[in-house]
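Using numbering that gives the first Met the number 0, you'd call the opening residue of the sequence shown number 0 and step up by one each time. For glycine and all other residues, C-beta sits at the position ideal for the given N, C-alpha and C. Below is one structure, written out as structure tokens; comments come after it.
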Amino acid sequence: MKYILPLLLLCVFALAFAKKQNAYTSFIDGAKQALPLAKDLLPYLACMLVAVELAKASGVYNLLQFVFEPLLTLLGIPQQLCQLVVLKPFSGSGSLAMLTDLLLTHGTDSFVGRCACVVYGTSETVFYISTVYFGGTSIKKLGWAMAIGLFCSVLSSALGCLFCRLFFV
């Protein structure tokens, strides 16, 4: 397993040699093309990170949890995971800290612990991903993409908890 990356690099260099291309120069050219994109994305990322921190500090997550908890419980997501389901689309690091806390509180082999791992693994930081993907393009109307991403995140959490209930309880 530890040899995969060196083996991959060796294959890339061998392919470049076979095509009679300078791999180092190609790598540098690719990096040069990536720098303007990174510069264009930086304001979007900074804005998103500030918005996430403001939402944490203002208690918006608690309000969202209060509003969506009945629906999430109706979908079969344990009450202890509602805050994780609400936080995950906004913050990867915050949801990882919450997952760790849930595992320490309920245990890794408990139903809540298993569901928490599945919820964390099947959902995505929708707002961060949307910022990165759409920030570098000319697409500015991303309402449907965000709605579908959030819907899929909740759906995957509900199905994950259902499968945990069916197969592990």
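Item	Value
DSSP state of Gln-20, grouped into three classes?	coil
Which value, in whole angstroms, describes the spacing of the CA atoms of Ser-25 and Thr-121?	36 Å
Along the alpha helix (DSSP H) that carries Phe-169, what are the first and last residues, could you check?	Given that the chain is displayed from residue 0 to residue 168, the structure contains no residue 169 and the question cannot be resolved.
How far does the alpha helix (DSSP H) with Tyr-2 in it reach, from first residue to last?	First-last for Tyr-2: undefined, no H or E at that position.
Do Gly-75 and Leu-161 have their CB atoms nearer than 7 Å?	yes
What is the DSSP secondary structure of Leu-161, reduced to helix, strand or coil?	helix
For the candidate residues Lys-140, Glu-68, Ala-22, whose alpha-carbon lies nearest to that of Ala-157?	Glu-68
With contact counted as at least three CB pairs below 8 Å, one residue from each stretch, are the segment 72 to 88 and the segment 31 to 42 in contact?	no
With three or more C-beta pairs closer than 8 Å as the rule, is the segment 109 to 121 touching the segment 94 to 101?	yes
Could you tell me the distance, in whole angstroms, from the CA atom of Thr-104 to the CA atom of Leu-4?	37 Å
Alpha carbon to alpha carbon, what distance is there between Leu-7 and Pro-199?	Residue 199 cannot be examined here, being either before or after the span of the chain that is shown, 0 to 168.
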